[in-house]
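Written out below as structure tokens is the structure these notes cover.
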Amino acid sequence: MSLISRISGTGHFVPPHTVTNFDLEKEMDTTDEWIRKRTGIKERHYVKPGTGSSDLGYQASLKAIQDAGINKNEIDFIIAATLSPDHYFPGIGVLVQSKLGLEHIGALDIRNQCSGFIYALSAADQFIKSGMYKKILIVAAEVQSTNLDYSIEGRHLAVLFGDGGAAVILEPASKQENRGILSTHLFSDGRHVQKLWMDSPSPKDKPTFSYQIIDDKRCYPKMEGKHVFVNAVEKMPQAVWAALECNNMTIDDVDHLIPHQANDRISLMVAKKLGIPVPKVIRNIDRFGNTTAASIPIALDESVRNGRIQKNDIVVLTAFGSGYTWASALMRW
Ligand code: COA
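Numbering-wise (the numbering used here), the sequence shown opens with residue 0 and increments by one.
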């Protein structure tokens, strides 16, 4: 029997500490009005020191496992997506594996930033379709609040990010049922690495860590905001059109679009280009900020749990981010 894969459980976890735009006004030269008008963000969640992406991912994983109604020991593979691992190495996949107390199953880390969840979903989908694994935990989590540049130079980026984690369980579904992941499309253009990146720590520097690197601010994420904006509103619709064409669908067939929550203006512009009505676009950036790899699965989990996404709905995910990388996934829920 040929297989497709379907998401059988979802979960998310954000740290309880909320940071509003007004809180940021006290820390840096910014205003609530500037942030809301340019990005749609009102607040985001920040961890307390000592909490890593693996901790957020672990909490989200427990919820996804419970939602799927499985025993955690049935999980036979983990794929983790983050740009903010707890350590330079190893990645967080193994940390989530050990926190869950799982057997010696494989754990793969994906480094695709804002597109990380869709890349992870696509990889997991291939493993399920090939029959290699039967229950894959996909976990996406970020802690970004601990390394932001609150100076004038970095404030356009610092106000965007929030911390959070989310997870899904992917399992085989019968093709006859036709519910599950119908396609994934992955793209990249490495010419633009420096438009959105964190240069250091880099083994190209000897020594890798030095006060000079900190003084030069090479240890902070950097972004050319306008370049990212223009490319995001071009590439995300392209990825969705690739998904629609592959499935012989039009945008009218789509019940929900979940764009990566990068900036609400980007989401609305993507919707306009696609010709999809705004009520079909899932947007929660006002409460979470940009949680990078975790943003799509957080929005997915919220929308499933609050009943907005219903059985058999057509859901399309799309993301764009550092690399550049961009992607889409189309599924029948
Ligand atoms: N608070 C107040 N003012 C700020 C500010 C802040 N946090 N950040 C920047 N400004 C100021 C700048 O200093 C500049 O002032 P000036 O006109 O006096 O020189 C002005 O606002 C415009 O700055 P700029 O950086 O050009 O803003 P922008 O219009 O490009 O908007 C973003 C900035 C980040 C909102 C926008 O570029 C964007 O959304 N880009 C995409 C970001 C994104 O999605 N990244 C993640 C991708 S996955």
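Glycine is no exception: its CB is placed at the ideal position from the N, C-alpha and C atoms.
- Short of 6 Å from the beta carbon of PHE21, and not among the five residues preceding or following it, lie these beta carbons of its own chain, in chain order: ASP31.
- Here SER52 carries a helix assignment [DSSP, helix/strand/coil].
- Here DSSP, grouped into helix, strand and coil, assigns SER150 to coil.
- A direct Cα-to-Cα measurement between ARG264 and CYS113 gives close to 16 Å.
- Here THR324 is bridged, per DSSP, to SER187 and GLY320.
- Beta-bridge annotation (DSSP): ILE137 is paired with ILE78 and VAL167.
- A residue is called buried when at least 16 other Cβ atoms come within 10 angstroms of its Cβ; THR317 meets this threshold and is buried.
- In this structure, CYS113 has its beta carbon less than 7 Å from a heavy atom of ligand 1.
- Runs of beta strand (DSSP E) with 3 or more residues, each lying fully within the stretch 246 to 332, are found at 255 to 258, 313 to 320 and 324 to 331, listed in chain order.
- Excluding its 5 nearest sequence neighbours in each direction, ILE313 has C-beta neighbours in its own chain below 8 Å: MET248, ASP252, VAL253, ASP254, HIS255, LEU329, MET330, ARG331 and TRP332, listed in chain order.
- Annotated as distal: GLN65 and GLY164, with beta-carbon spacing of 8 Å or more.
- In this structure, the beta-carbon distance from GLY288 to LEU195 does not fall below 8 Å.
- Here ILE212 has SER199 and CYS218 as same chain residues with Cβ atoms under 6 Å from its own Cβ, once five neighbours each way along the sequence are excluded.
- Distances taken from the Cβ of GLY320 to the heavy atoms of ligand 1 include one shorter than 7 Å.
- Under the three-state reduction of DSSP output, ILE109 falls in the strand class.
- When the beta-carbon positions are compared, LEU136 and SER60 come within less than 8 Å of each other.
- Here ARG178 really is in contact with ASN311; their C-beta atoms are around 7 Å apart, less than 8 Å.
- The alpha-carbon separation between GLY49 and ASN283 amounts to approximately 26 Å.
- The shortest CA-to-CA distance from GLN237 to any of ASP215, MET268 and GLN260 is the one to MET268.
- Inter-residue distance for ALA123 and LEU169 is about 7 Å (C-alpha atoms, whole angstroms).
- DSSP places GLY90 in the coil class of the three-state scheme, outside both helix and strand.
- By the neighbour-count criterion, in which a residue is buried when 16 or more other Cβ atoms sit within 10 angstroms of its Cβ, SER150 is exposed.
- Here MET222 has LEU156 and LEU195 as same chain residues with Cβ atoms under 6 Å from its own Cβ, once five neighbours each way along the sequence are excluded.
- If you draw a straight line from the Cα of GLY189 to the Cα of SER201, it is about 17 Å long.
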